[in-house]
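Colleague:
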Amino acid sequence: MTIPMTYSAEAAAALADGRAIVALESTIITHGMPFPQNVDTARLVEQDVRDSGAVPATIAVMGGRLHIGLEAAELDALGQAQHVAKLSRADLAACIATGGTGATTVAATMIAAHLAGIHVFATGGIGGVHRGAETSFDISADLQELALTPVTVVAAGAKAILDLPKTFEVLETLGVPVIVYGQDSIPAFWSATSDMAAPLRMDDAVQIAASHKMRAAMGLAGGQLVTNPIPAGDEIPAATLAPIIAQALAQADAQKISAKAVTPFLLDRILDLTDGRSLSANIALVRNNARLAAEIAQALLK
Ligand code: PSU
Ligand code: MN
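All you need for our numbering is the position in the sequence shown, starting with 1, plus 67.
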């Protein structure tokens, strides 16, 4: 059986020419940000990748086809579509097989990127271990994917709505390298720093690319997580966010939000409670990650 895949014109050309490519996810478009900022951001992020010397490939499933790169009209349509499925490893194949449409999470985007021969992927923040996971067992499939699929993922850490210490413990257990770019503490999504020490620190894209290649040479399964701090001018201090996150979590609890709905619900509540500041920060950090990912993708070719 062949996988029905559709490549955007620029992704197809870049793959044929062996040029640097950066995969981008689509759940951040459909479930992570409201319209129209979601589409505007997706376009800006694609352009950031181009301006930094690589080619963007936004990944999604549309009408039963796995799209590697979206044309402008497709991105527009996805950004405005209602009730789009949120696809992870568990449901990606089923969506394609049944002719569905869905946005890819970090886990599903990694799988698709790997199938297409793309080694680097930029997003905002990965999923992780939710607070209260000791009773809910809610741990994002993103973590396990990092242990399985050889793609270097650039993110501003894990989303700060999560239990960050538990998230990084699980990554350590799974053998996923967590590389902090340019500082000694793990960034915390909307905030540049945290009190968690960097498991690994690298200060340039060439080192990150070299360790990606070394893992491949050694036959180590899985990818790397590169955590890139939000630019200082765009961050929201952790102390400002703490009560807001607590309030959003209490609302999720009261409304019995569960499973895939948890992360989108919390992001939406925090957007409201910060008067939009969390969205501006989110946009700034994704763009920052896209630029670093483009550098890593180019360094991999050297
Ligand atoms: N980064 C963002 N916003 C998002 C996401 C990432 O800045 O909405 C998405 C990613 O697709 C990630 C998902 O895989 O949130 C995590 O969802 P869950 O916690 O349900 O695994
Ligand atoms: Mn979950």
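Using N, Cα and C, we set each Cβ at its ideal position, and we do this for glycine too. Here the structure is a predicted model, which means the values were calculated and not measured.
1. Where does the unbroken alpha helix (DSSP H) through residue 242 begin, and where does it stop?
2. Mind checking whether residue 135 and residue 92 have CB atoms under 8 Å apart?
3. At a threshold of 7 Å, does residue 207 count as lining the ligand MN (C-beta to nearest heavy atom)?
4. Using the rule of at least 16 other Cβ atoms within 10 Å of the residue's Cβ for burial, across every protein chain shown, is residue 348 buried or exposed?
5. Given the structure, does residue 146 come close to the ligand PSU, in the sense that its CB is under 7 Å from one of the ligand's heavy atoms?
6. Would you list, in sequence order, the uninterrupted beta strand (DSSP E) runs of no fewer than 3 residues that lie entirely inside the segment 150-227?
7. Please confirm whether any heavy atom of the ligand MN lies closer than 7 Å to the CB of residue 164.
8. Closest by CA to residue 291, which one among 297, 354, 114, 279?
9. How many Å lie between residue 270 and residue 300 at the Cα?
10. Compute every distance between the C-beta of residue 326 and the non-hydrogen atoms of the ligand MN, then say whether any falls below 7 Å.
11. Alpha carbon to alpha carbon, what distance is there between residue 255 and residue 311?
12. Out of 85, 77, 79, 89, which has the shortest C-alpha to C-alpha gap to residue 220?
13. Would you mind sorting residue 236 into buried or exposed? The rule is 16 or more other CB atoms within 10 Å of its CB.
14. So, under 8 Å CB-CB, residue 245 and residue 294 are touching, yes? Tell me the CB distance rounded to an integer number of Å.
15. Helix, strand or coil: how does DSSP classify residue 303 here?
16. Can you tell me which of the three DSSP states residue 123 falls into?
17. Is any non-hydrogen atom of the ligand MN found closer than 7 Å to the C-beta of residue 329, if you look at the structure I gave you?
18. Does DSSP put residue 135 in a helix, in a strand, or in coil?
19. Would you list the one or two residues that DSSP bridges to residue 89?
20. Going by C-alpha to C-alpha distance, which of 166, 178, 141, 330 sits closest to residue 225?
21. Run through the DSSP bridge pairs and tell me what residue 252 is partnered with.
22. Can you look up residue 285 in the DSSP assignment and give me helix, strand or coil?
Modeller: Put simply:
1. In the DSSP assignment, residue 242 falls outside any alpha helix (DSSP H) and carries neither an H nor an E.
2. No.
3. Judged by the Cβ position, residue 207 qualifies as a neighbour of the ligand MN at the 7 Å threshold, a heavy atom of the ligand being closer than this.
4. A residue is called buried when at least 16 other Cβ atoms come within 10 angstroms of its Cβ; residue 348 meets this threshold and is buried.
5. The answer is no for residue 146.
6. Listed in chain order, the beta strand (DSSP E) runs fully inside the segment 150-227 are 152-154, 169-171, 187-189, 219-222, counting runs of at least 3 residues.
7. Checking every heavy atom of the ligand MN against the Cβ of residue 164, none is found closer than 7 Å.
8. Its Cα nearest to that of residue 291, the residue 279 stands out among 297, 354, 114, 279.
9. C-alpha separation (whole angstroms): 20 Å.
10. The answer is yes for residue 326.
11. Residue 255 has its alpha-carbon roughly 15 Å from the corresponding atom of residue 311.
12. For residue 220, the nearest C-alpha among the options comes from 89.
13. Exposed, because fewer than 16 other Cβ atoms sit within 10 Å of the Cβ of residue 236.
14. Cβ atoms of residue 245 and residue 294 come within 8 Å of each other, at about 6 Å.
15. For residue 303, the three-state secondary structure derived from DSSP is coil.
16. Residue state, collapsed to three classes: strand.
17. Result yes, Cβ under 7 Å from the ligand MN.
18. For residue 135, the secondary structure class from DSSP, reduced to helix, strand or coil, is strand.
19. DSSP output for residue 89 lists 123 as bridge partner(s).
20. Scanning 166, 178, 141, 330 for the CA closest to the CA of residue 225 turns up 330.
21. 264, per the DSSP bridge assignment.
22. For residue 285, the three-state secondary structure derived from DSSP is coil.
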